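Worksheet for the structure shown next.
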Amino acid sequence: MARWENGPGILHGADVEIPVEIAASYRARTRGLLGRDGIEGALLLTPASGVHTFRMRFAIDVAYLSRNFTVLAVRTMRPGRMGLPLLRARHVVEAEAGAMARWGLHPGLRVAVTPDANTP
Numbered sequence: 013m014a015r016w017e018n019g020p021g022i023l024h025g026a027d028v029e030i031p032v033e034i035a036a037s038y039r040a041r042t043r044g045l046l047g048r049d050g051i052e053g054a055l056l057l058t059p060a061s062g063v064h065t066f067r068m069r070f071a072i073d074v075a076y077l078s079r080n081f082t083v084l085a086v087r088t089m090r091p092g093r094m095g096l097p098l099l100r101a102r103h104v105v106e107a108e109a110g111a112m113a114r115w116g117l118h119p120g121l122r123v124a125v126t127p128d129a130n131t132p
């Protein structure tokens with residue numbers, strides 16, 4: 013995808029297809045999961061190399077992805093933490109804690125994200 017836009021998408025490559033919300037603008041990336049009590053699916057922050065969980069209401073799983081969408085690392089972060097940026101990361105996927113293990117996301121896995129044209 014040449015230019016990312018905010019909106020719905022699908023993450024392929026894990027054990028299941030995962031609905032994602034793409035946050036490509038500065039405003040969408042800054043808001044992230046703040047103010048939410050949970051998320052169905054995941055949130056893709058692009059571009060991003062690190063995240064924090066200040067003012068978050070729940071623990072999250074964070075997957076750091078390279079430029080070619082290879083999973084570099086998966087971490088679980090409790091609220092109120094600052095994650096160190098991963099230098100080779102270009103994208104970050106956030107989901108509720110425990111979701112990535114259920115989905116089979118692990119370091120070394122190559123995934124892809126496509127916009128979901130079926131969702132308004």
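Quick note: the sequence shown uses our numbering, first residue 13, plus one each step. Every residue, glycine too, gets a C-beta built ideally from N, C-alpha and C. Please read these numbers as outputs of a predicted model, since none were measured by experiment.
Excluding the five sequence neighbours on either side, which residues of its own chain have a C-beta within less than 8 Å of the C-beta of P119, listed in chain order? Taking the sequence shown and counting its residues from 1, the one referred to as residue 119 is at position 107. Listed in chain order, the non-local C-beta contacts of P119 below 8 Å within the same chain comprise V83, L84, A85, V86, local neighbours out to five positions each way being set aside.
On the criterion of 16 or more Cβ atoms from any shown chain inside 10 Å, does E33 qualify as buried, or is it exposed? Residue 33 sits at position 21 when you count from the first residue of the sequence shown. Flag for E33 reads buried.
Counting only runs of 4+ residues fully inside the segment 57-102, write out the alpha helix (DSSP H) ranges in chain order. none
Please identify the residue among V28, V105, M68 whose C-alpha is closest to the C-alpha of S61. One-based indexing of the sequence shown puts residue 61 at position 49. For S61, the nearest C-alpha among the options comes from V105.
In chain order, what residues of the same chain lie with their CB nearer than 6 Å to the CB of H64, ignoring the 5 residues before and after it? Locating residue 64 in the sequence shown gives position 52, counting from the first residue. Excluding positions up to five away in sequence, the list reads M94.
Ordered along the chain, which non-local residues of its own chain (more than five positions away) have a Cβ less than 8 Å from that of I51? As a working mapping, residue 51 is identified with position 39 in the sequence shown. Here the set comprises E33, L45, E106, A107, E108.
Residues bridged to P20 (per DSSP): Translated into positions along the sequence shown, residue 20 becomes position 8. Paired residue(s): E33.
Consult DSSP for R41 and reduce its assignment to one of helix, strand or coil. Residue numbering aside, residue 41 sits at position 29 when the sequence shown is read from its first letter. In the structure shown, R41 sits in a helix (DSSP, three-state: H, G or I).
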